[in-house]
Amino acid sequence: MKITLSVNDRSVDVDVAPSTMLVDVLRDELGITSARATCGVGLCGTCTVLLDGRPVSSCLLMAPLAIGKRITTVEGLPDDDAVVRCFSERHAFQCGFCIPGMVLTARDMIDTGRANTPEEIREGLGGNLCRCGCYVKIVDAIEEAAR
Amino acid sequence: MSWHMPTTVDEVLRLKASKPDATVVAGGTFLGLVIRQGLLDSDEWISLQNVDELRAFGTAGDLSAGAMVTHRRIETEPAVRRDWPGVAEAFGVVASPRVRNVATIGGVLADADYASDPPAMLVASRAVAEVASVRGMRRVPIEELIVGHYETELDDDEIITRVLVPRPTGSAAYRKLRTRSREDRPAVSVAAVRETGGVRVVVGAVSDRPRHYPDICAEWRPGDEQSTREVAAAYADRIPCLDDGRGSAEYRRQVVSVEVRRALMQVSR
Ligand SMILES: Cc1cc2nc3c(=O)[nH]c(=O)nc-3n(C[C@H](O)[C@H](O)[C@H](O)COP(=O)(O)OP(=O)(O)OC[C@H]3O[C@@H](n4cnc5c(N)ncnc54)[C@H](O)[C@@H]3O)c2cc1C
Ligand code: FES
Ligand code: FES
Chain A
82 MKITLSVNDR SVDVDVAPST MLVDVLRDEL GITSARATCG VGLCGTCTVL LDGRPVSSCL
142 LMAPLAIGKR ITTVEGLPDD DAVVRCFSER HAFQCGFCIP GMVLTARDMI DTGRANTPEE
202 IREGLGGNLC RCGCYVKIVD AIEEAAR
Chain B
17 MSWHMPTTVD EVLRLKASKP DATVVAGGTF LGLVIRQGLL DSDEWISLQN VDELRAFGTA
77 GDLSAGAMVT HRRIETEPAV RRDWPGVAEA FGVVASPRVR NVATIGGVLA DADYASDPPA
137 MLVASRAVAE VASVRGMRRV PIEELIVGHY ETELDDDEII TRVLVPRPTG SAAYRKLRTR
197 SREDRPAVSV AAVRETGGVR VVVGAVSDRP RHYPDICAEW RPGDEQSTRE VAAAYADRIP
257 CLDDGRGSAE YRRQVVSVEV RRALMQVSR
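Chains as they are written, first to last, in my numbering: chain A, 82 to 228; chain B, 17 to 285.
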């Protein structure tokens, strides 16, 4: 089926089966590779994108469910985004694989006022895994970005 | 292959009546999983995404949530947190915000997964589902809606349109024990809701459906430690617990006796 999606404020037409997951559309059809399918079952957070500003697992989201919604990946954040800047300045990453998901999850936590304490930030990152174990710096970076 | 996007409930019901094999899509989180695992493919999909009526939400009398209301909405809505704190809690501990942002109250009831959080609390709270088809509408208590493993008593042409939760008259507790990770499903869950003259204790995630035993609950005396222990032990004894990756039957029985006791202590005050 042909559907129109809004990705990072750009309108794009794609031809997909209804059972195609959004992450595959982003990567294979649109070449946006920051969303990564790892666990594929909604647990790890590396495929996180924002749908109308709220984080979702794109590995489990049937692409037509995104019709009419704003899809944002890290590529679509403004150049001066505070979260990106704080991750970068604090070197809150090693390999970087999990970071797009971490940044978008943090963006939502800050936008909805749920990043007020380190405990709250850790709680909010409950479903985002970092195999490199950079959690301490990630939490610090988010805390700073929230200020 | 078609993806239908009706905009009214009537239109959904007509479609469902004419295509009983079509798959209804709500948030798509459960469907996403089974599609990924290769367990489901369908030629016809009926998406509820554009049916605004199903997102209606009210807290004036009963809590009234259209089938498409998300877990996140129920969890964060100030009126729910204030007046139905047990319900807000049970929806708020589901998976991660990523899942709760899309998962819906209609979806979690229709998929009838034994390891879900909200059903136990909804049964304990005497919640009722409105179920509709072209043949009409009926009200089904959640206690009767979920009948077994991934099994509801919905007919092929029916959908859930709304869930109603009466205003609580007493305190509530929801306890979720996870055995693997923060965002995991429960290995054992206990919902306890006080009401005039008693308590409703419902244990979820340990057998095919939420378990509620009114005869055992009737033995409870608030604040009395002995009867609290006895109720907990009787639940552990009666429930046919299952084995899975989250815990053995034996382990679950043990945890049920502890968690029921703790839940009752929480609602004693
Ligand atoms: C990673 C992950 C972790 C999870 N962890 C938890 C957890 O900790 N606790 C927990 O409780 N749950 C958990 N879940 C389950 C999740 O809550 C359910 O998948 C979700 O509630 C289903 O809702 P949905 O709107 O996405 O349903 P969908 O996937 O859209 O639909 C589910 C089923 O219900 C049918 N359906 C949907 N809406 C209706 C309706 N209105 N009428 C009739 N039939 C309908 C569909 O046809 C389908 O069969 C988890 C899920 C994932 C992916
Ligand atoms: S790949 Fe989607 S959550 Fe892990
Ligand atoms: S930085 Fe490597 S996985 Fe997080």
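Cβ coordinates follow ideal geometry from the N, Cα and C atoms, glycine included.
- When Cβ pairs closer than 8 Å are counted between the two stretches, the region 95 to 105 of chain B is seen to touch the region 182 to 189 of chain B, the count reaching three or more.
- V106(A) does not reach chain B, its nearest Cβ partner there being about 13 Å away, counting only Cβ pairs nearer than 7 Å.
- For the region 52 to 77 of chain B, the set of positions with a beta-carbon nearer than 7 Å to some beta-carbon of chain A reads R52, D57, W61, S63, Q65 in chain order.
- Interface residue (Cβ-Cβ distance to chain A less than 7 Å): G164(B) is not classified as such.
- When Cβ pairs closer than 8 Å are counted between the two stretches, the region 31 to 45 of chain B is seen to touch the region 58 to 76 of chain B, the count reaching three or more.
- In this structure, S132(B) has its beta carbon less than 6 Å from a heavy atom of ligand 1.
- Across the set C128(A), R188(A), L210(A), the C-alpha of R188(A) shows the shortest separation from the C-alpha of R166(A).
- Within its own chain, the residues whose Cβ lies closer than 7 Å to the Cβ of C176(A), once the five positions on either side in sequence are excluded, are C213, listed in chain order.
- By the rule that beta-carbons nearer than 7 Å mark a contact, E246(B) does not touch chain A.
- Following the DSSP letters along the chain, one finds T186(A) inside the alpha helix (DSSP H) bounded by residues 180 to 192.
- When beta bridges are read from the DSSP output, M153(B) appears opposite A148(B).
- Using a cutoff of 6 Å, the CB of A118(A) counts as near ligand 2, since one of the ligand's heavy atoms is closer than that.
- With respect to chain A, the C-beta atom of G214(B) has no partner C-beta closer than 7 Å.
- With 16 or more other CB atoms across the displayed protein chains lying within 10 angstroms of its CB, T244(B) is buried.
- Taking a cut-off of 8 Å on C-beta distances, the region 194 to 203 of chain A does not touch the region 144 to 159 of chain A, as fewer than three cross pairs fall below it.
- In the three-state DSSP reduction, K192(B) falls in the strand class (E or B).
- Membership of K83(A) in the beta strand (DSSP E) is indicated by the continuous run 83 to 88.
- Annotation for K35(B): E60 place their beta carbon closer than 7 Å to its own, counting only its chain and skipping 5 residues before and after.
- Closest in alpha carbon position to V276(B), among V247(B), G261(B), S284(B), is V247(B).
- For ligand 3, the residues with a Cβ under 7 Å from any of its heavy atoms are, in chain order, F174(A), Q175(A), C176(A), G177(A), F178(A), C179(A), I180(A), C211(A), R212(A), C213(A), C215(A).
- Relative to ligand 2, C167(A) has its C-beta separated by 6 Å or more from all heavy atoms.
- Check the Cα spacing between G220(B) and each of D133(B), V118(B), G164(B), E169(B): the tightest is with D133(B).
- Here the distance from the Cβ of L49(B) to the nearest heavy atom of ligand 1 is below 6 Å.
- Proximity to A249(B) across F107(B), L138(B), S273(B), A234(B) peaks at S273(B), based on C-alpha coordinates.
- Close partners of S100(A) in chain B (Cβ separation under 7 Å): I51, D57.
- Around the beta carbon of A98(A), fewer than 16 other beta carbons sit within 10 angstroms, so the residue counts as exposed.
- The alpha carbon of R194(B) has as its nearest neighbour, out of E93(B), V25(B), A111(B), the alpha carbon of A111(B).
- At a Cβ-Cβ threshold of 7 Å, G263(B) and D224(B) do not count as neighbours.
- With a cut-off of 6 Å, the C-beta of T127(A) is classified as distant from ligand 1, since no heavy atom of the ligand falls inside that distance.
- A distance below 7 Å between beta-carbons, with the five flanking residues on each side excluded, links R195(A) to the following residues of its chain, in chain order: E201, G205.
- A straight-line Cα-Cα distance of about 23 Å links P199(A) and A104(B).
- Identification of chain A residues near E199(B) by a Cβ-Cβ cut-off of 7 Å yields L124, G207, G208, ordered along the chain.
- Near chain A, meaning a CB-to-CB distance below 8 Å, no residue of the region 130 to 145 of chain B qualifies.
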